[in-house]
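Q: Letter by letter, the sequence shown follows residues 1 to 316 in our numbering.
Virtual Cβ for every residue (Gly too), placed ideally from N, Cα, C.
Given the structure is predicted, the values throughout are model-derived calculations rather than measurements.
Below is a structure I'd like to ask you about.
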Amino acid sequence: MASSPGSSSAPVGPSAATDGSGARTEVIESHGVTGADKPRSLVSASDGPDIAFRWIARGSGTIVVTVMSLVGLFLLYQGFQALQVAGPSFLTEPSWDPNSGKFGIAAVLAGTFFIALTAISFALPLSLGTALYISEYAPAKIKNGLVTIVDLMAAVPSVVYGLWGLFFLSPNVQPISQWISTYLRWIPIFAVNGFDASDPLASPTAFAASTFIAGIVVALMVAPITSSIMREVFTQAPIGEREGALALGATKWGMISSVVLPFGRGGIIGGTMLGLGRALGETIAVFLIISPVFVIQPHILEKGANSISALIALRY
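Structure (structure tokens):
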């Protein structure tokens, strides 16, 4: 059965016709553009447990968001009352001295920023290298052991890191800080006021209790957490794309740079942000290492630093 070239009809499904011998022939009309099949959608009926779980999940999320919003509103209300008393100088005044009526967080804000920035500068390459080695290069015999060691480092209390940094790391890092300041003092952050590199009697104690040392200790605390997150994401890279890159002649590093790292970009960013949050809020380790000063200290090698969490531990 043939249709005329100019005719068009909507699809009506299979139709039957009978020839002269009485045989039945099924004819299926072809579909044109206007008669294309509509996409079908899969609809599943939800039973009781699914509906209950859906409402429990929604209720739990609503409760969490509500509680966090109430906490934020409470802090905003209380903070607004404090700002009304202290005025704009609360954000611009570097000193914090309740006895003289000075309430300023400029110095501790700057100190917190510099300590966290120093920590992330060390923790990011260390975490990335550790995660790549464990997930891509480490032999199977030692991989589980390395994962266990990294996870245990993340569970070490902050006070242990702080005491280790105070009694072991600080004396050994001071000569390194002195060397950096001697040869890189033309970079403002590495300059140390009052230190003369040409003086043979110059003491490295001018570099003790600095932002640099505190940042290194915090970096060692942050690195296991960020490394674990990055490692888990790297191991999820598609095996097919890995094998495809190697089959096309890519080297091991070529496969990592073209497949693993792009796939793990979200994990790298997420781990770094989580580590930054840990660095900004670290208290006891920073409190044990730094020598509190209430001045804006942009020289990370110079003695004296401060942070918001250390100020809270010191005064309250």
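Can you confirm whether the segment 258-276 touches the segment 308-316 when touching is taken to mean that 3 or more C-beta pairs between the two stretches lie within less than 8 angstroms?
A: In short, these stretches do not touch, since the Cβ pair count stays below three.
Q: Please report the residue range of the alpha helix (DSSP H) in which I69 lies.
A: First, the residue type needs correcting, since residue 69 is Ser and not Ile in the sequence shown. Segment G48 to A86, the alpha helix (DSSP H) holding S69.
Q: Measure the beta-carbon distance from F207 to Q178 and round it to whole angstroms, keeping in mind my assumption that it falls under 8 angstroms.
A: 6 angstroms
Q: How far does the alpha helix (DSSP H) with A247 in it extend, from its first residue to its last?
A: Annotation for A247: the continuous alpha helix (DSSP H) segment containing it runs I239 to A247.
Q: With DSSP run on the structure shown, which of helix, strand or coil describes W96?
A: strand
Q: Pull up the distance between the alpha-carbon of T205 and that of V160, whole angstroms please.
A: 23 angstroms
Q: Does the segment 187-194 touch the segment 84-102, meaning 3 or more C-beta pairs lie closer than 8 angstroms?
A: no
Q: Do V222 and R265 count as a contact pair if the criterion is CB distance below 8 angstroms?
A: no
Q: Report the three-state DSSP secondary structure of F103 (helix, strand or coil).
A: Taken through DSSP and simplified to helix, strand or coil, F103 comes out as strand.
Q: Out of G194, F294 and A245, state which residue places its alpha-carbon closest to the alpha-carbon of K102.
A: F294
Q: Does P298 come out as helix, strand or coil in the three-state DSSP assignment?
A: coil
Q: Run the CB neighbour count on R332, radius 10 Å, all protein chains shown included, and call it buried at 16 or more, exposed below.
A: Outside the displayed range of the chain (1 to 316) lies residue 332, so it cannot be described from this structure.
Q: Closest to P238 by CA distance: which of L169, M255 and A209 is it?
A: M255
Q: Assign A305 to one of three DSSP states: helix, strand, or coil.
A: strand
Q: Enumerate in chain order the residues of its own chain whose CB-to-CB distance from P298 is below 8 angstroms, with the five nearest sequence positions on each side excluded.
A: A110, F114, P188 and I189
Q: For S227, which residues in the same chain have their Cβ closer than 7 angstroms to its Cβ, ignoring the five residues on either side in sequence?
A: S127, T130, A131 and V150
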